[in-house]
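Right, one structure below, let's go through it.
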Amino acid sequence: MIKVVSVTKTYTTGTDKITPIKNFNLRVNEGETVILQGSSGSGKTTLLNMIAGLIKPTEGSVEVAGRNVSKLPEHFAAEFRRETAGMIFQQFHLIEELTAGENIALPLAPSSLSRQEISDRVNMLTEKLLIKNIIDVPAGKLSGGEMQRTAIARALVNSPSIILADEPTANLDGTLTEELLNIFRSLKSEGKTIIIATHDPVISGSDIADKIIHLNKEV
Amino acid sequence: MNFKLLDFALHSLVRRKGRYPFIYITFTLLIAVSLSIFTITGALKQEAQYSLNNLPDIIVQKISGGRQQYIKKQLAEDIIMLPGVISAVPRIWGFYPFEYLNTNLTIVGVDIYDPYVTETLAKITKDISPLKFNRNIFLGEKLHEIIRQIYNKDEFSFQMPDGTYKTLEIAGTFQTSSQMISTDTVITDMLSAAEILGIPAGFSTDIAVNSANSQEISTIAEKILNISPSLKVVTKDFIKASYQNMFDYKGGIFLLFFITSLFTFFMIIFDRLNGPSGGELKEIAILKALGWGTSDILKVKLYEASVIGLFSYLTAICLSLIYVYVLHAPGLKDVFMGYSYLKPSFSLPFVFDIRVVVTVFLITVPVYGSAVIIPAWRAASTSAEVIR
Numbered sequence: 197m198i199k200v201v202s203v204t205k206t207y208t209t210g211t212d213k214i215t216p217i218k219n220f221n222l223r224v225n226e227g228e229t230v231i232l233q234g235s236s237g238s239g240k241t242t243l244l245n246m247i248a249g250l251i252k253p254t255e256g257s258v259e260v261a262g263r264n265v266s267k268l269p270e271h272f273a274a275e276f277r278r279e280t281a282g283m284i285f286q287q288f289h290l291i292e293e294l295t296a297g298e299n300i301a302l303p304l305a306p307s308s309l310s311r312q313e314i315s316d317r318v319n320m321l322t323e324k325l326l327i328k329n330i331i332d333v334p335a336g337k338l339s340g341g342e343m344q345r346t347a348i349a350r351a352l353v354n355s356p357s358i359i360l361a362d363e364p365t366a367n368l369d370g371t372l373t374e375e376l377l378n379i380f381r382s383l384k385s386e387g388k389t390i391i392i393a394t395h396d397p398v399i400s401g402s403d404i405a406d407k408i409i410h411l412n413k414e415v
Numbered sequence: 438m439n440f441k442l443l444d445f446a447l448h449s450l451v452r453r454k455g456r457y458p459f460i461y462i463t464f465t466l467l468i469a470v471s472l473s474i475f476t477i478t479g480a481l482k483q484e485a486q487y488s489l490n491n492l493p494d495i496i497v498q499k500i501s502g503g504r505q506q507y508i509k510k511q512l513a514e515d516i517i518m519l520p521g522v523i524s525a526v527p528r529i530w531g532f533y534p535f536e537y538l539n540t541n542l543t544i545v546g547v548d549i550y551d552p553y554v555t556e557t558l559a560k561i562t563k564d565i566s567p568l569k570f571n572r573n574i575f576l577g578e579k580l581h582e583i584i585r586q587i588y589n590k591d592e593f594s595f596q597m598p599d600g601t602y603k604t605l606e607i608a609g610t611f612q613t614s615s616q617m618i619s620t621d622t623v624i625t626d627m628l629s630a631a632e633i634l635g636i637p638a639g640f641s642t643d644i645a646v647n648s649a650n651s652q653e654i655s656t657i658a659e660k661i662l663n664i665s666p667s668l669k670v671v672t673k674d675f676i677k678a679s680y681q682n683m684f685d686y687k688g689g690i691f692l693l694f695f696i697t698s699l700f701t702f703f704m705i706i707f708d709r710l711n712g713p714s715g716g717e718l719k720e721i722a723i724l725k726a727l728g729w730g731t732s733d734i735l736k737v738k739l740y741e742a743s744v745i746g747l748f749s750y751l752t753a754i755c756l757s758l759i760y761v762y763v764l765h766a767p768g769l770k771d772v773f774m775g776y777s778y779l780k781p782s783f784s785l786p787f788v789f790d791i792r793v794v795v796t797v798f799l800i801t802v803p804v805y806g807s808a809v810i811i812p813a814w815r816a817a818s819t820s821a822e823v824i825r
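Spelled out as structure tokens, the structure:
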């Protein structure tokens with residue numbers, strides 16, 4: 197379960213202060229799929245980053261699976277991300293010079309898993325996502341759809357219980373968006389908790405959403 | 438050690454083809470130059486040491502009006518009477534301008550009837566043909582080659598102060614362990630040397646004094662000074678110190694250049710890594726989002742810096758050894774030795790000073806490592822919000 201309690205996040209730039217999220221509450225049950233909707237600057241990405249333990253709230257707390265991630269020291273927050281959360285970014289953010297397989301394996305490099313175990317996981321995922329044929333292709337040479345699947349495989353390689361996706365369809369055409377929705381459906385059926393930040397009506401209007409949350413831009 | 442992170446670091450070095458070769462080459466050259474300077478200084482000091490070991494314990498000169506004058510040979514008889522002195526020999530030597538090469542030859546006159554001199558000459562020369570009175574000379578090999586090229590015969594004509602010429606045959610060349618000093622030296626008998634240099638009869642250039650006990654040198658020097666206020670004594674230790682200072686001074690100048698270059702290099706490195714390196718910042722942010730901790734990112738950077746630093750260092754050691762001992766330090770040796778047409782052709786003695794190797798390592802590799810890791814640490818600590 198994810199509990200976001202009275203969270204406020206304020207960014208300070210020089211003398212300017214921006215508060216994209218103010219006194220925000222959210223509860224996501226295990227296995228639920230939640231869509232975060234809102235205009236640019238409404239704090240969707242900030243909220244995802246706080247749930248992932250990448251940034252800490254200015255006020256309030258974020259609890260994931262019984263752990264207060266907003267209080268975790270940096271080292272444990274990284275470990276938490278590695279073991280619990282998988283992130284999918286708007287622009288995929290693959291490392292272009294690495295192959296698709298190496299990109300997928302990246303989250304496991306600091307782990308204690310052996311090379312063979314990592315290789316097995318990568319093979320299993322590339323088979324599942326139908327990208328086994330591109331495993332040795334540099335990410336910079338992949339098509340949009342292949343990049344998307346590679347990025348998803350990378351988010352899943354650590355077998356996370358939570359998937360956090362930030363505008364995952366922003367760079368995809370209709371066909372690829374539908375493919376992605378099918379992957380999300382499959383993940384949902386496996387019992388994964390999924391939080392998707394999007395303002396794509398195709399996603400928010402689909403059957404995968406258990407809950408749609410609107411975030412308003414704070415002034 | 439996490440070999441998967443090491444793998445990633447090595448990959449990273451290969452991936453950034455434009456960046457790391459630049460750092461590797463610059464860093465290698467910088468270390469190689471500094472090691473070469475230190476190695477040449479050390480080798481030349483040792484080379485000088487070989488030469489200076491043959492010096493007399495004390496050299497006595499006559500000074501008048503602040504300038505060195507010829508000294509009466511008779512004074513040697515007073516000096517030999519001093520307790521502790523085992524020999525006091527008047528020496529005839531001086532400089533002969535050799536305009537063809539725009540340099541000065543050092544003319545040294547020796548007592549050809551002294552068995553010790555004959556024996557010494559036999560040891561330090563090759564193509565031996567005994568030095569004969571008023572007939573011939575010994576000289577450095579390089580000078581011999583040049584004279585052969587100029588005159589096409591084994592003799593040399595010296596112009597004396599009265600304008601007349603004195604022609605002497607070349608009896609042989611030196612093969613001393615050090616050619617640093619002997620390369621522009623011409624040895625002949627005392628009378629010929631005095632004639633060439635214009636030294637009046639009964640006078641010598643200076644007097645070489647040797648003592649029975651090195652502990653007594655300073656006492657003997659004091660007693661010599663008491664003979665006449667116009668005398669000046671120069672001890673072997675003083676000359677050795679002068680040579681050491683000369684090389685240290687030249688080495689110091691290069692050290693200054695080296696430190697300046699080093700500082701500039703690290704400013705460039707620091708600037709490159711500390712500046713808005715978008716690609717790297719983004720990569721760090723991605724890795725953090727994927728579950729890498731700051732410590733994992735720093736480990737990768739440490740591996741990268743270690744690989745670059747150590748490889749640069751090892752390459753630099755090899756390059757400096759090749760430059761100094763195989764190529765004989767072209768360029769730098771001239772700076773330390775002075776420019777001359779009669780460049781000594783000796784090989785630098787091999788000197789491996791572990792202190793120099795460790796010092797250069799400590800002032801380069803760890804500093805480079807810090808210049809890589811500190812900006813990476815800053816980026817890893819603040820990059821969480823860079824990507825979306």
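These protein sequence lines are chains A and B, in that order.
Adding 196 to a residue's 1-based position in the first sequence gives its number in the working numbering.
Adding 437 to a residue's 1-based position in the second sequence gives its number in the working numbering.
Glycine included, each C-beta is placed from N, C-alpha and C at the ideal position.
Bear in mind the structure is a predicted one, so any value in this text is a computation, not a measurement.
(request) Please state if the CB of S473/B and the CB of S757/B are separated by a distance shorter than 7 Å. (result) As a first step, residue 757/B is located in the second sequence; it is residue number 320 there, counting from the start. As a first step, residue 473/B is located in the second sequence; it is residue number 36 there, counting from the start. Result yes, Cβ atoms of S757/B and S473/B sit closer than 7 Å.
* Closer than 8 Å, Cβ to any Cβ of chain B: which residues of the stretch 283–295 of chain A, in chain order? -> Of all residues in the stretch 283–295 of chain A, M283, F285, Q286, Q287, H289, I291, E293 and L294 have a Cβ within less than 8 Å of some Cβ in chain B.
| field | Own chain, CB closer than 7 Å to F787/B, minus 5 neighbours either side, in chain order | value | Along the second sequence, read from residue 1 onward, the residue named residue 787/B stands at position 350. Y762, listed in sequence order.
*Go through its chain and collect everything with a Cβ distance to L244/A's Cβ below 6 Å, but skip five positions before and after it.*
Translated into the one-based positions of the first sequence, residue 244/A becomes position 48. Within the same chain, Cβ atoms closer than 6 Å to the Cβ of L244/A are found at L360, D362 and A393, the five residues on either side in sequence being excluded.
Practice item. List the DSSP bridge partners of L668/B. Key: Taking the second sequence and counting its residues from 1, one reaches residue 668/B at position 231. Answer is K499/B, bridged to L668/B.
Q: Kindly indicate which three-state DSSP category G577/B falls into: helix, strand or coil?
A: As a first step, residue 577/B must be located in the second sequence, where it is residue number 140. DSSP places G577/B in coil when its eight states are reduced to three.
- Task: Flag G806/B as yes if its beta-carbon sits less than 7 Å from any beta-carbon of chain A, otherwise no.
- Result: As a first step, residue 806/B must be located in the second sequence, where it is residue number 369. It does not: the Cβ of G806/B has no partner Cβ on chain A nearer than 7 Å.
- chain E partners of T731/B, CB-CB under 8 Å? Annotation note: the requested chain E is absent from the structure, which comprises protein chains A and B.
Is it right to say D733/B is buried, meaning 16 or more other beta carbons lie within 10 angstroms of its own, or is it exposed?
-> Position 296 of the second sequence, counting from 1, holds the residue named residue 733/B. So D733/B ends up on the buried side.
Inset, instruction - With distances taken Cα to Cα, identify the nearest neighbour of G227/A among V333/A, E386/A, G256/A and D316/A. - result: For the purposes of this step, residue 227/A is identified with residue 31 of the first sequence, where counting begins at 1. With distances taken between Cα atoms, G227/A lies closest to E386/A.
Looking at C-alpha atoms only, which residue of P527/B, K499/B and L769/B is the closest neighbour of V670/B?
-> If you number the second sequence from 1, residue 670/B lands on position 233. For V670/B, the nearest C-alpha among the options comes from K499/B.
| said: From the DSSP secondary-structure annotation, give me the bridge partner or partners of A525/B. | reply: By one-based count along the second sequence, residue 525/B stands at place 88. Beta-bridge pairing links A525/B to V646/B.
Rounded to the nearest angstrom, what separates P493/B and G768/B at their Cα positions?
In the second sequence, the residue the question calls residue 493/B occupies position 56. In the second sequence, the residue the question calls residue 768/B occupies position 331. When rounded, the distance between both Cα atoms is 32 Å.
Checklist entry - Which partner residues does T622/B have in the DSSP bridge list? => result The count along the second sequence starts at 1 and reaches residue 622/B at position 185. Bridge partners of T622/B: T543/B.
Helix, strand or coil, according to DSSP, for L372/A in the structure here? Sequence index remark: in the first sequence, residue 372/A carries index 176 (1-based). DSSP places L372/A in helix when its eight states are reduced to three.
Helix, strand or coil: how does DSSP classify D599/B here?
Taking the first residue of the second sequence as 1, we reach residue 599/B at position 162. Coil at D599/B, not helix or strand.
According to DSSP, residues forming a beta bridge with F532/B: As a working mapping, residue 532/B is identified with position 95 in the second sequence. F532/B pairs with T543/B.
>> Am I right that L294/A and L411/A are in contact with their C-beta atoms under 8 Å? What's the rounded C-beta distance?
In response: Residue numbering aside, residue 294/A sits at position 98 when the first sequence is read from its first letter. Residue numbering aside, residue 411/A sits at position 215 when the first sequence is read from its first letter. With 8 Å as the limit, L294/A and L411/A do not qualify as a contact, their Cβ atoms being about 34 Å apart.
Inter-residue spacing [alpha-carbon to alpha-carbon] between W729/B and D316/A
Indexing the second sequence from 1 puts residue 729/B at position 292. Indexing the first sequence from 1 puts residue 316/A at position 120. Their backbone Cα atoms lie some 21 Å apart in a straight line.
- Query: Among L519/B, T463/B, V794/B and T625/B, which one has its Cα closest to the Cα of I664/B?
  - Reply: As a working mapping, residue 664/B is identified with position 227 in the second sequence. Here the closest residue by C-alpha is L519/B.
Going by beta carbon distance, what residues of the same chain come within less than 8 Å of A658/B, once the five residues before and after it are set aside? Working through the second sequence from its first residue, we reach residue 658/B at position 221. Around A658/B: I495, V670 and T672.
task: Ignore the nearest five residues each way along the sequence and tell me which others in A378/B's own chain have a CB closer than 6 Å to its CB.
output: Residue 378/B lies beyond the residue range present for chain B, which begins at 438 and ends at 825; the question has no answer from this structure.
Worksheet entry | Beta-carbon spacing of T280/A, P397/A below 7 Å | Along the first sequence, read from residue 1 onward, the residue named residue 280/A stands at position 84. Along the first sequence, read from residue 1 onward, the residue named residue 397/A stands at position 201. Taking 7 Å as the Cβ cut-off, T280/A and P397/A do not qualify as a contacting pair.
Using beta carbons (cut-off 7 Å, strictly below), is A305/A in contact with chain B? Mapped onto the first sequence, residue 305/A falls at position 109. Taking a beta-carbon distance threshold of 7 Å, A305/A counts as an interface residue toward chain B.
Neighbour flag for I791/B against chain A, beta carbons, 7 Å = On the second sequence, residue 791/B is found 354 positions in, with the first residue counted as 1. Look at I791/B: its C-beta is not under 7 Å from any C-beta on chain A.
Using 10 angstroms around the beta-carbon of V795/B, count the other beta-carbons present and answer buried if the total reaches 16, otherwise exposed. In the second sequence, residue 795/B corresponds to position 358, counting from 1. Per the 10 Å Cβ criterion, exposed.
Please report the residue range of the alpha helix (DSSP H) in which F220/A lies.
As a working note, residue 220/A is residue 24 in the first sequence. Careful: F220/A lies outside any alpha helix (DSSP H), inside the beta strand (DSSP E) at D212 to V224.
Look at the alpha carbon of V744/B and the alpha carbon of L751/B, and state the distance between them as a whole number of angstroms.
Your numbering for residue 744/B matches position 307 in the second sequence. Your numbering for residue 751/B matches position 314 in the second sequence. Approximately 11 Å between the Cα atoms of the pair.
**Asked** Just reading off the alpha helix (DSSP H) that K324/A is part of, what are its end residues?
**Response** For the purposes of this step, residue 324/A is taken as the residue at position 128 of the first sequence. Residues R311 to K324.
inquiry  = Using a Cβ-Cβ cutoff of 7 Å, what residues of the stretch 488–507 of chain B are near chain A? List them in chain order.
reply    = Within the stretch 488–507 of chain B, no residue qualifies.
- Task: Please determine, among Q486/B, F595/B and P812/B, the residue with the shortest C-alpha to C-alpha distance to A678/B.
- Result: Walking along the second sequence from the start, residue 678/B turns up at place 241. Per the Cα distances, Q486/B.
| Among A808/B, G806/B and S749/B, the one whose alpha carbon lies nearest that of S471/B | As a first step, residue 471/B must be located in the second sequence, where it is residue number 34. Checking every option, the nearest Cα to that of S471/B belongs to S749/B.
Worksheet item: For D444/B, does the three-state DSSP call read helix, strand or coil?
Response: Stepping through the second sequence from its first residue, residue 444/B is reached at position 7. Note: D444/B maps to helix in three-state DSSP.
Are the CB atoms of K441/B and A296/A within a distance shorter than 7 Å?
If you number the first sequence from 1, residue 296/A lands on position 100. If you number the second sequence from 1, residue 441/B lands on position 4. Contact flag unset, no.
Using a Cβ-Cβ cut-off of 7 Å, state whether L302/A counts as contacting chain B. Locating residue 302/A in the first sequence gives position 106, counting from the first residue. Output row for L302/A: interface = yes.
Item to check | Exposure of M197/A, with buried meaning 16 or more beta-carbon neighbours within 10 Å | outcome: To locate residue 197/A, count along the first sequence from 1; it is residue 1. M197/A comes out exposed.
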